[in-house]
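**Student:** This is the structure I want to talk about, given as structure tokens.
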Amino acid sequence: MEEGTIPWNKPFKNGIARNWKTQKPYRGINALLLNGGEYATFKQIKEGGGKVKKGEKSQIVVFWKMLDIEDEETGQDARIPMLRYYRVFQVGKQTEGIEPKQEIETFEHDPIESAEQLVDDYIGKPRITFEEGGAYYQPFFDKVNVPPKTSFPKIHEYYSTLFHELVHSTGHAERLNREGVSQMDKFGSERYSKEELVAEIGASMLCAVVGIENKTIDNSASYIASWLKVLKNDKTMIIKASQQAQKACDHMQGIKFENKVTS
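In terms of full-length UniProt numbering, the sequence shown is residues 1 to 263.
Printed below as a string of structure tokens:
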């Protein structure tokens with residue numbers, strides 16, 4: 001911000017997982033385990049006058065608590081961690097008779113045909129799902145998830161987000177075998193940062209291909225700038241990332257370049 005870079009904004013709404021009864025957001029590992037929405041136990045659903053739909057499977061949330069006990073050997077007070085887990089169901093989606101308490105804000109959009117066609121033309125693409133809660137690519141499952149169009153105030157940001165995750169998918173070992181994906185590292189590491197640069201630059205390139213780059217450039221620029229700072233503003237990194245991003249975009253579009261020797 002001090003250098004005049006516009007802060008990156010999460011482009012979609014409705015991404016918080018929360019407890020239906022207390023309305024408190026889930027924290028820690030639970031926030032990663034659950035998609036966006038409100039969750040309740042079987043007992044809470046029954047007490048609320050609802051029921052779980054037939055065939056629905058529960059998800060697990062965990063609860064940590066520190067217990068004060070007396071050490072039998074030393075007689076001194078001690079603290080030990082206790083782990084409990086609960087099985088929960090997403091209210092509204094997996095239940096009948098009760099509804100979420102939070103009003104979900106949704107947005108109506110017409111699809112952009114050129115962007116839809118680009119995704120359709122990606123031969124051998126990963127499985128794509130549209131669950132609330134986050135945008136990500138899972139190499140192990142070869143799966144991309146983005147929230148549905150209705151969670152995005154701006155339709156252009158929906159496609160930019162989808163393109164970002166699809167560019168990640170091109171790095172899969174059975175596609176371009178990019179080390180940032182095939183050898184995925186922890187968040188914030190150098191390898192992770194490089195891959196994020198590739199994905200966002202690639203998304204910007206694809207936005208240009210379908211004619212929506214002027215609608216997404218500010219958010220993309222701030223996202224790229226944030227990862228360049230992690231890489232200590234290595235000027236060569238943006239060039240290398242751009243080259244890899246172009247290869248990813250070409251792969252998605254089925255574009256192949258062959259080196260030909262002419263006499």
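Note that the Cβ used here is the ideal one computed from N, Cα and C, for glycine as well.
State the DSSP-derived secondary structure class of residue 69, mapped to helix, strand or coil.
**Tutor:** Here residue 69 refers to the residue found at position 69 of the sequence shown. Correct three-state label for residue 69: strand.
**Student:** Tell me the DSSP secondary structure of residue 77 in three-state form.
**Tutor:** Position 77 of the sequence shown holds residue 77. The answer is strand: DSSP assigns residue 77 an E or B state.
**Student:** When you compare the CB positions of residue 100 and residue 88, do they come within less than 7 Å of one another, or not?
**Tutor:** For the purposes of this step, residue 100 is taken as the residue at position 100 of the sequence shown. For the purposes of this step, residue 88 is taken as the residue at position 88 of the sequence shown. Cβ distance not < 7 Å, so residue 100 and residue 88 don't count as in contact.
**Student:** Which of the three DSSP states, helix, strand or coil, is assigned to residue 255?
**Tutor:** Against the sequence shown, residue 255 aligns to sequence position 255. Looking at residue 255 - three-state DSSP - the assignment turns out to be coil, as it is neither helix nor strand.
**Student:** Do residue 38 and residue 64 have their beta-carbon atoms positioned less than 7 Å apart in this structure?
**Tutor:** The residue you call residue 64 lines up with position 64 of the sequence shown. The residue you call residue 38 lines up with position 38 of the sequence shown. For residue 64 and residue 38, no; Cβs fall outside 7 Å.
**Student:** Is the distance from the Cβ of residue 199 to the Cβ of residue 172 below 7 Å?
**Tutor:** Position 199 of the sequence shown, counted from the start, is the residue given in the question as residue 199. Position 172 of the sequence shown, counted from the start, is the residue given in the question as residue 172. No, Cβ-Cβ distance for residue 199 and residue 172 is not below 7 Å.
**Student:** To the nearest angstrom, report how far apart residue 28 and residue 137 are at their CA atoms.
**Tutor:** As a first step, residue 28 is located in the sequence shown; it is residue number 28 there, counting from the start. As a first step, residue 137 is located in the sequence shown; it is residue number 137 there, counting from the start. So the two alpha carbons sit approximately 20 Å from each other.
**Student:** Name the residue from 104, 225, 194 and 70 whose alpha carbon lies nearest to the alpha carbon of residue 237.
**Tutor:** The sequence position of residue 237 within the sequence shown is 237, counting from 1. Of the candidates 104, 225, 194 and 70, the one whose C-alpha sits nearest the C-alpha of residue 237 is 194.
**Student:** Spell out the partners DSSP gives residue 90 in its beta bridges.
**Tutor:** Your numbering for residue 90 matches position 90 in the sequence shown. Answer is 39, bridged to residue 90.
**Student:** Chain B beta carbons: is any one of them nearer than 7 Å to that of residue 72?
**Tutor:** Structure shown: chain B not included; a single protein chain is present.
**Student:** Can you tell me whether residue 82 is helix, strand or coil according to DSSP?
**Tutor:** Your numbering for residue 82 matches position 82 in the sequence shown. In this structure, residue 82 counts as strand in the three-state DSSP scheme.
**Student:** Nearest-angstrom Cα distance between residue 131 and residue 67?
**Tutor:** Position 131 of the sequence shown, counted from the first residue, corresponds to residue 131. Position 67 of the sequence shown, counted from the first residue, corresponds to residue 67. In a straight line, the C-alpha of residue 131 is about 37 Å away from that of residue 67.
**Student:** Would you identify the three-state DSSP class for residue 268, choosing helix, strand or coil?
**Tutor:** Nothing can be reported for residue 268, as the shown portion of the chain is limited to 1 through 263.
**Student:** Within 10 Å of its beta-carbon, does residue 158 have 16 or more other beta-carbons around it, so buried, or fewer, so exposed?
**Tutor:** Numbered from its first residue, the sequence shown carries residue 158 at position 158. Buried.
**Student:** Decide if residue 259 is buried, meaning its Cβ has at least 16 other Cβ atoms within 10 Å, or exposed.
**Tutor:** Along the sequence shown, one-based indexing puts residue 259 at 259. With a pLDDT of only 45 at residue 259, under the threshold of 50, the placement of this residue in the model should not be trusted, and no figure is reported.
**Student:** If we ignore side chains and look at the alpha-carbon of each, how far apart do residue 207 and residue 102 end up?
**Tutor:** The residue labelled residue 207 in the question sits at position 207 within the sequence shown. The residue labelled residue 102 in the question sits at position 102 within the sequence shown. Near 33 Å, if we compare the C-alpha coordinates of residue 102 and residue 207.
**Student:** Apart from the five residues just before and just after residue 128, which ones in its own chain have a Cβ nearer than 7 Å to its Cβ?
**Tutor:** To locate residue 128, count along the sequence shown from 1; it is residue 128. Only 144 meet the Cβ criterion.
**Student:** Starting from residue 129, follow the beta strand (DSSP E) in both directions and report where the run begins and ends.
**Tutor:** As a working note, residue 129 is residue 129 in the sequence shown. It spans 127-129 - the beta strand (DSSP E) in which residue 129 sits, taken as one unbroken run.
**Student:** Please state whether the Cβ-Cβ distance between residue 53 and residue 94 is less than 7 Å.
**Tutor:** One-based indexing of the sequence shown puts residue 53 at position 53. One-based indexing of the sequence shown puts residue 94 at position 94. Yes, the Cβ-Cβ distance between residue 53 and residue 94 is below 7 Å.
**Student:** What does DSSP give as the partner residue(s) for residue 264 in the beta ladder?
**Tutor:** Since the first residue shown for the chain is 1 and the last is 263, residue 264 is missing from the structure and cannot be characterised.
**Student:** Below 8 Å on the Cβ atoms is my contact criterion, and I expect residue 123 with residue 36 to pass it. Report the Cβ-Cβ distance as a whole number of Å.
**Tutor:** Position 123 of the sequence shown, counted from the start, is the residue given in the question as residue 123. Position 36 of the sequence shown, counted from the start, is the residue given in the question as residue 36. Residue 123 to residue 36, Cβ: 31 Å. No contact.
**Student:** Just grab the DSSP bridge partners of residue 52 for me.
**Tutor:** For the purposes of this step, residue 52 is identified with residue 52 of the sequence shown, where counting begins at 1. The partner list for residue 52 (beta bridge, DSSP) reads 95.
**Student:** For residue 140, which of helix, strand or coil comes out of DSSP?
**Tutor:** Counted from its first residue, the sequence shown places residue 140 at position 140. Here residue 140 sits in coil by DSSP.
**Student:** Below 7 Å between beta carbons: does that hold for residue 50 and residue 97?
**Tutor:** For this step, residue 50 is matched to residue 50 along the sequence shown. For this step, residue 97 is matched to residue 97 along the sequence shown. In this structure, residue 97 lies closer than 7 Å to residue 50 by Cβ.
**Student:** Less than 7 Å between the beta carbons of residue 181 and residue 162, yes or no?
**Tutor:** On the sequence shown, position 181 is the one that residue 181 refers to. On the sequence shown, position 162 is the one that residue 162 refers to. The answer is no: Cβ separation not under 7 Å.
**Student:** Given that a residue counts as buried once 16 or more other Cβ atoms are within 10 Å of its Cβ, and exposed if not, what is residue 6?
**Tutor:** For this step, residue 6 is matched to residue 6 along the sequence shown. Unreliable positioning characterises residue 6 in this predicted model, as indicated by a pLDDT of 38, which lies under 50. The coordinate reading is nonetheless provided below. That one is exposed.
**Student:** Who does residue 146 pair with in a DSSP beta bridge?
**Tutor:** If you number the sequence shown from 1, residue 146 lands on position 146. Paired residue(s): none; residue 146 is not in a bridge.
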